[in-house]
Every structure is written in structure tokens, then in C-alpha cells.
Amino acid sequence: MDLKQLVRTIPDHPKPGIMFRDITTLMEDQAGFKQTVDELVEPLRELDITRVAGIDARGFILGGAVAHQLSTGFVAIRKLGKLPHTTLSVEYELEYGTDTLEIHTDSVKPGDRIFLIDDLIATGGTACAAIELIRRSGGTVVGAGFVIDLPALGGRRKLEEMDVPVRTLMEFDGE
Ligand code: AMP
Numbered sequence: 009m010d011l012k013q014l015v016r017t018i019p020d021h022p023k024p025g026i027m028f029r030d031i032t033t034l035m036e037d038q039a040g041f042k043q044t045v046d047e048l049v050e051p052l053r054e055l056d057i058t059r060v061a062g063i064d065a066r067g068f069i070l071g072g073a074v075a076h077q078l079s080t081g082f083v084a085i086r087k088l089g090k091l092p093h094t095t096l097s098v099e100y101e102l103e104y105g106t107d108t109l110e111i112h113t114d115s116v117k118p119g120d121r122i123f124l125i126d127d128l129i130a131t132g133g134t135a136c137a138a139i140e141l142i143r144r145s146g147g148t149v150v151g152a153g154f155v156i157d158l159p160a161l162g163g164r165r166k167l168e169e170m171d172v173p174v175r176t177l178m179e180f181d182g183e
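Residues 9 to 183 (the working numbering) are what the sequence shown spells out, left to right.
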């Protein structure tokens, strides 16, 4: 099945000029969701991953399914103020302003080999912040997986420069 056909594009959302790549339609499709998770998981079985980390919020849905397939635990990387216990935080740049991601200080254990999941990589700012949180917690990021890559925005290259191999399932032109 061509998974790209199941992604809905919403022009000018959330602001003019942005083509929003909406994966709710992909996740709602029984065969499409299964194939998406299977394709993300397939190359990971040999990597001795101890935990999968997902980024709030679409990364939770995909990352939870991947963790279950690999029989690993799941680590939640959340937006500011959502995690109830002690946290580490990293602030990162958006096009306008900044945002903050957090992780519980005890989520990552010494020796953890973590695979990071989110729905889409654009500039890579969000994923870089998540990688920094995992590394500051003492974990190794063995790779990162995304359903969608927007190559024009250069995120994949940024992660590869941080020595994080990247796997994506499809690409879209533009922003
Ligand atoms: P970035 O930090 O620039 O790599 O942006 C990645 C995050 O923003 C991901 O969590 C995406 O869900 C979201 N995002 C950025 N651009 C888009 C887009 N065109 N369509 C849907 N989600 C996007």
C-alpha cells in the first residue's frame, strides 16, 4: 500500500504558507497504521534497543506501538508542564519564539539504548531537543524514525551531524 496516499494535506494550517501533513487519516486506516508501524519497526530488531522514546503527542501513538512490537518500555518526552515528577528540560527555537520539551529525570537508565520516534521531521529542532534530553539523562540515541520527512527544511541532515541515523517512510516537497 502507498502510505503517502493516506496522509491528508491541509494548506495554510496553522498559518499561511504551511502545508500541514495530517497523519490522523493514515492512523485511522487499519492496514495503513499497521504497515506504518511495521515499516518503522522492521530495521530495528537487530539494534538491541532497550527503550523507545516518543515526542508529545503524535510520537506517543506511533512510539507506543513500536515499543510494543519490540517488547521494550516507552519513554515520554513531553511539552512543558505536563510531566508530574522531577524533570530535565531543553528550550529550542521555533520560527517565532521558543518551545520547551521535558523528560522525567529517572526515565532513562544507565546503558539505555533508545530509539526516538515522531510523526514528522521538518527543521529538526524538536528532535534535536529530544536527543539532548536523552543524552543529558545518560542514554544513547541509536537512531530516530519519522513517518514523514520534509527534506527542504534540513532536519535529517542536522540529526545525522549529531551522529543519529535517521529513518523516514516518505518525503514531501516544501514546508
Ligand atoms: P521541526 O522541529 O521543525 O522538525 O518540526 C517537527 C514537529 O512539528 C513535529 O512534531 C511535527 O508534528 C510538527 N510539524 C512541523 N511541520 C509540520 C507540517 N508541515 N505538517 C505537520 N506537522 C508539522
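The C-beta atom is built at its ideal place from N, Cα and C for all residues, glycine as well.
Is any heavy atom of the ligand AMP found at a distance shorter than 6 Å from the C-beta of F28?
Along the sequence shown, one-based indexing puts residue 28 at 20. Correct: F28 has its Cβ closer than 6 Å to the ligand AMP.
Cβ distance (whole Å) where L70 is taken to contact Q43 below 8 Å:
Here residue 70 is taken as the residue at index 62 of the sequence shown, counted from 1. Here residue 43 is taken as the residue at index 35 of the sequence shown, counted from 1. With a Cβ gap of about 12 Å, L70 and Q43 do not count as contacting.
Taking 7 Å as the cut-off, decide whether the C-beta atoms of L167 and A135 are in contact.
Residue numbering aside, residue 167 sits at position 159 when the sequence shown is read from its first letter. Residue numbering aside, residue 135 sits at position 127 when the sequence shown is read from its first letter. In this structure, A135 lies closer than 7 Å to L167 by Cβ.
Using a threshold of 7 Å, state whether the C-beta atoms of R86 and D64 are closer than that.
For the purposes of this step, residue 86 is identified with residue 78 of the sequence shown, where counting begins at 1. For the purposes of this step, residue 64 is identified with residue 56 of the sequence shown, where counting begins at 1. In this structure, D64 lies closer than 7 Å to R86 by Cβ.
Quick check on the burial criterion: 16 or more other C-beta atoms within 10 angstroms. Buried or exposed for I18?
Translated into positions along the sequence shown, residue 18 becomes position 10. Counting the other Cβ atoms within 10 Å of the Cβ of I18 gives fewer than 16, which makes it exposed.
Just reading off the beta strand (DSSP E) that K87 is part of, what are its end residues?
Working through the sequence shown from its first residue, we reach residue 87 at position 79. It spans G81 to K87 - the beta strand (DSSP E) in which K87 sits, taken as one unbroken run.
Given 8 Å as the limit, is there contact between the segment 122 to 129 and the segment 96 to 109, that is, 3 or more CB pairs closer than that?
no
In terms of alpha-carbon separation, which member of G67, P51, E110 and M9 lies closest to A39?
In the sequence shown, residue 39 corresponds to position 31, counting from 1. Minimum Cα distance to A39 is reached at M9.
Starting from E110, trace the beta strand (DSSP E) both ways and give me its first and last residue.
The count along the sequence shown starts at 1 and reaches residue 110 at position 102. T106 to H112 is the extent of the beta strand (DSSP E) around E110.
Within this structure, are the beta carbons of G153 and R175 separated by less than 7 Å?
In the sequence shown, counting from the first residue as 1, residue 153 sits at position 145. In the sequence shown, counting from the first residue as 1, residue 175 sits at position 167. Yes, the Cβ-Cβ distance between G153 and R175 is below 7 Å.
Report yes if the C-beta of L128 is less than 6 Å from at least one heavy atom of the ligand AMP; otherwise report no.
On the sequence shown, position 120 is the one that residue 128 refers to. Yes, the ligand AMP has a heavy atom inside 6 Å of this Cβ.
For V15, which residues does DSSP report across the bridge?
As a working note, residue 15 is residue 7 in the sequence shown. Beta-bridge pairing links V15 to no other residue.
Under the DSSP definition of a beta bridge, which residues are partnered with R29?
In the sequence shown, counting from the first residue as 1, residue 29 sits at position 21. Looking at the DSSP assignment, R29 forms a beta bridge with T17.
Go ahead and label E50 buried or exposed: buried means 16 or more other beta carbons lie within 10 angstroms of its beta carbon, across all protein chains shown.
Position 42 of the sequence shown, counted from the first residue, corresponds to residue 50. Exposed, since its Cβ has fewer than 16 Cβ neighbours within 10 Å.
Buried or exposed, going by whether 16 or more other CB atoms sit within 10 Å of the CB of T58?
Reading the sequence shown from its first residue, position 50 is the one you call residue 58. Counting Cβ neighbours within 10 Å, T58 comes out buried, since at least 16 surround it.
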